[in-house]
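Q:
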Amino acid sequence: MAHTHFTSIPLIDVSGLYSEHPAERRLVADELGRAAREVGFLQITGHGIARELRDGLVDQARRFFARPLEEKMRFYIGQSSNHSGYVPEGEEQFVGGSKDLKEAYDVNYDYTEAAQVYPLLGPTQWPDSADFKREVSAYYRAALALGDTLFRGFALALGLAEDTFAGITRQPTSQLRMIHYPLAPDPVADRPGIGAHTDYECFTILLPTAEGLQVLNGDGQWIDVPLVEDAFVINIGDMLEVLSNGHFVATSHRVRKVSEERFAFPLFCACDYPTRIAPIPGLPPRGERVYAPVSCGDHLFAQTAQTFRYLRERLEDGSLQLPDGAAGLSSFGQGGREVTA
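Residues in the sequence shown are numbered consecutively from 1, following full-length UniProt numbering.
Listed below in structure tokens is the structure:
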């Protein structure tokens with residue numbers, strides 16, 4: 001199994017997934033499956049998320065990130081109980097050790113039931129702005145609903161029942177990241193906005209405001225993802241690669257050093273925390289790789305703990321331990337096959 005030498009990103013109108021006619025839904029699913037197998041990335045239109053929701057999200061991000069650093073740090077992610085809040089520049093570090101030129105605000109499912117507590121699932125740490133919470137929450141709910149629709153489409157693309165994933169996405173560990181890439185005019189500081197990586201979850205729904213995203217093809221070349229009006233970028237993550245038994249592949253990507261200020265809003269669509277991630281029974285393997293089962297929440301937490309500075313410090317001082325059998329960073333997709341660029 002290997003990525004193809006694609007040179008462009010497929011663009012798919014997914015409005016047919018909302019059709020009452022199964023044949024129309026399957027036509028779109030076939031396109032989704034082709035893109036997921038051959039590229040691991042695609043762009044979609046016809047998603048139904050109103051421009052007002054998208055504009056409200058962008059506006060709140062601009063307002064928050066314009067605050068002084070000391071004010072933003074009042075909501076530092078390391079102070080939260082469930083890994084939500086402000087992420088300053090340099091907090092994250094991926095494979096290779098480079099630090100990213102970005103800042104972020106991470107919003108979770110906002111799970112408030114106290115009966116079950118998980119490291120990545122709980123009440124979101126919100127900033128002191130009712131408008132921020134209202135507008136960001138509205139976008140989150142709409143994007144999460146789109147994720148449910150795409151889960152149905154991907155199930156069909158694998159030849160499965162449309163509701164295959166419905167039972168394991170009830171209180172998902174799906175995080176929305178509000179990311180700000182400031183303009184870095186210093187030509188000496190030639191660092192990427194975010195280093196090469198695969199996403200940990202099932203798939204990502206990305207709303208960008210400018211170009212900068214690049215995808216690694218099967219020839220080891222970085223392919224630019226164009227900015228398309230009203231389109232979301234979708235990419236396959238680690239967990240859907242495992243669930244699909246390698247039919248869909250997590251693709252390495254990065255954000256190059258930006259030539260203009262850029263915002264990006266990825267919603268990482270995942271399953272419920274205790275979900276056992278393993279190849280779905282009945283799906284034959286694609287390629288020779290054998291996927292060991294992982295816990296959805298444990299995998300996400302292990303990857304996160306190896307990436308964020310405040311969690312790495314807890315690992316180093318012994319106050320935090322990785323889950324048993326935790327995989328290293330970039331263990332799936334092209335990272336798992338030792339592809340380099």
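Each residue gets a CB set at the ideal place from its N, CA and C atoms; glycine is no exception.
Count the C-beta pairs between the stretch 135-153 and the stretch 243-261 that are closer than 8 angstroms, then say yes if the count reaches three, no if not.
A: These segments do not touch.
Q: Can you find the residues in the same chain that come closer than 6 angstroms, C-beta to C-beta, to residue 122, ignoring five residues on each side of it along the sequence?
A: As a working note, residue 122 is residue 122 in the sequence shown. If we look at residue 122 and ignore the five residues flanking it on each side, its Cβ neighbours are 81, 82 and 111.
Q: Do the stretch 137-151 and the stretch 8-23 meet, that is, are 3 or more Cβ pairs less than 8 angstroms apart?
A: Yes, the stretch 137-151 touches the stretch 8-23.
Q: Three-state secondary structure (DSSP) at residue 42?
A: One-based indexing of the sequence shown puts residue 42 at position 42. Correct three-state label for residue 42: strand.
Q: Return the CA-CA distance between residue 251 and residue 8, expressed in angstroms with no decimal places.
A: Walking along the sequence shown from the start, residue 251 turns up at place 251. Walking along the sequence shown from the start, residue 8 turns up at place 8. Looking at the two C-alpha atoms, the distance is approximately 14 angstroms.
Q: My output table needs one value for residue 269: the three-state DSSP class, helix, strand or coil.
A: Here residue 269 refers to the residue found at position 269 when the sequence shown is read from its first residue. Three-state result, residue 269: strand.
Q: Could you pull the start and end residues of the alpha helix (DSSP H) that residue 140 belongs to?
A: Taking the first residue of the sequence shown as position 1, residue 140 is located at position 140. Taken as a continuous stretch (DSSP letters only), the alpha helix (DSSP H) holding residue 140 covers 130-157.
Q: Measuring only the C-alpha atoms, how far is residue 163 from residue 169?
A: Locating residue 163 in the sequence shown gives position 163, counting from the first residue. Locating residue 169 in the sequence shown gives position 169, counting from the first residue. Rounded to the nearest angstrom, the two C-alpha atoms are 10 angstroms apart.
Q: Beta carbon of residue 206, beta carbon of residue 135: below 9 angstroms?
A: The residue labelled residue 206 in the question sits at position 206 within the sequence shown. The residue labelled residue 135 in the question sits at position 135 within the sequence shown. Not closer than 9 angstroms, so no.
Q: DSSP three-state label for residue 295, please.
A: Position 295 of the sequence shown, counting from 1, holds the residue named residue 295. Looking at residue 295 - three-state DSSP - the assignment turns out to be strand.
Q: Closer than 8 angstroms: is that where the CB of residue 315 sits relative to any heavy atom of the ligand ATP?
A: As for the ligand ATP, it is missing from this structure, which has no ligand bound.
Q: In three-state DSSP terms, what is residue 168?
A: The residue you call residue 168 lines up with position 168 of the sequence shown. Residue state, collapsed to three classes: helix.
Q: With residue 38 and residue 65 assumed to form a contact (beta carbons below 8 angstroms), what rounded beta-carbon distance in angstroms separates them?
A: Residue numbering aside, residue 38 sits at position 38 when the sequence shown is read from its first letter. Residue numbering aside, residue 65 sits at position 65 when the sequence shown is read from its first letter. Going by Cβ atoms, the distance from residue 38 to residue 65 rounds to 36 angstroms, so no, they are not a contact pair.
Q: On a CA-only basis, which of 43, 24, 69 and 29 is nearest residue 11? Give me that one, please.
A: Here the question's residue 11 lines up with position 11 in the sequence shown. Among 43, 24, 69 and 29, the Cα nearest to that of residue 11 belongs to 43.
Q: Counting Cβ pairs closer than 8 angstroms, one from the stretch 217-232 and one from the stretch 282-298, do we hit at least three?
A: They do not touch, by the three-pair rule.
Q: Whole angstroms is fine: what's the gap from residue 210's alpha carbon to residue 259's?
A: The residue you call residue 210 lines up with position 210 of the sequence shown. The residue you call residue 259 lines up with position 259 of the sequence shown. Each residue's Cα considered, the two are about 10 angstroms apart.
Q: Quick check for students: name the residue ranges of the beta strand (DSSP E) that lie wholly in the stretch 227-268, counting only runs of 3 or more.
A: Entirely contained in the stretch 227-268, the beta strand (DSSP E) runs reaching 3 residues are, in chain order, 232-236 and 253-255.
Q: Using the Cα positions of residue 159 and residue 28, report the straight-line distance between them to the nearest angstrom.
A: The residue you call residue 159 lines up with position 159 of the sequence shown. The residue you call residue 28 lines up with position 28 of the sequence shown. When rounded, the distance between both Cα atoms is 13 angstroms.
Q: Measure the C-alpha to C-alpha separation of residue 189 and residue 90 and round it to an integer number of angstroms.
A: Within the sequence shown, the letter at position 189 stands for residue 189. Within the sequence shown, the letter at position 90 stands for residue 90. Its pLDDT being 49, under 50, residue 189 is placed unreliably in this model, and the value from its coordinates should be taken loosely. C-alpha separation (whole angstroms): 13 angstroms.
Q: Measure the alpha-carbon distance for residue 264 versus residue 175 and round it to whole angstroms.
A: Residue numbering aside, residue 264 sits at position 264 when the sequence shown is read from its first letter. Residue numbering aside, residue 175 sits at position 175 when the sequence shown is read from its first letter. Cα to Cα, residue 264 sits roughly 13 angstroms from residue 175.
Q: Among the candidates 220, 179, 296 and 49, whose CA atom is the shortest distance from the CA of residue 62?
A: Reading the sequence shown from its first residue, position 62 is the one you call residue 62. Measuring from the Cα of residue 62, the nearest candidate turns out to be 179.
Q: With a cut-off of 8 angstroms on the beta carbons, I'd call residue 269 and residue 204 a contact; round off their distance for me.
A: Looking up residue 269 in the sequence shown gives position 269. Looking up residue 204 in the sequence shown gives position 204. At roughly 7 angstroms, the Cβ-Cβ gap stays under 8 angstroms, so residue 269 and residue 204 are in contact.
Q: State the Cα-Cα distance for the pair residue 374 and residue 106, rounded to the nearest angstrom.
A: Outside the shown range of the chain, which is 1 to 341, sits residue 374, and nothing can be said about it.
Q: Measure the C-alpha to C-alpha separation of residue 45 and residue 296 and round it to an integer number of angstroms.
A: The residue given as residue 45 occupies position 45 in the sequence shown. The residue given as residue 296 occupies position 296 in the sequence shown. Their backbone Cα atoms lie some 29 angstroms apart in a straight line.
Q: At which residues does the alpha helix (DSSP H) containing residue 61 begin and terminate?
A: Stepping through the sequence shown from its first residue, residue 61 is reached at position 61. That run of the alpha helix (DSSP H) goes 51-65.
Q: Rounded to whole angstroms, what's the CA-CA distance from residue 212 to residue 318? Just pull it up for me.
A: Reading the sequence shown from its first residue, position 212 is the one you call residue 212. Reading the sequence shown from its first residue, position 318 is the one you call residue 318. Approximately 38 angstroms between the Cα atoms of the pair.
Q: So what does residue 73 bridge to, in DSSP terms?
A: The sequence position of residue 73 within the sequence shown is 73, counting from 1. Residue 73 pairs with nothing; no bridge assigned.
Q: Assign residue 51 to buried or exposed, taking buried as 16 or more other Cβ atoms, counted over all protein chains shown, within 10 Å of its Cβ.
A: Counting from one through the sequence shown, the residue named residue 51 turns up at place 51. That one is exposed.
Q: What residues in its chain sit with their C-beta under 8 angstroms from that of residue 223, if we drop five residues either side in the sequence?
A: On the sequence shown, residue 223 is found 223 positions in, with the first residue counted as 1. Closer than 8 angstroms at the Cβ level, and outside the excluded window around residue 223, lie 6, 7, 8, 9, 214, 215, 216 and 217.
Q: Indicate the three-state DSSP secondary structure (helix, strand or coil) for residue 177 in the structure shown.
A: Position 177 of the sequence shown holds residue 177. Residue 177 falls in the strand class under three-state DSSP.
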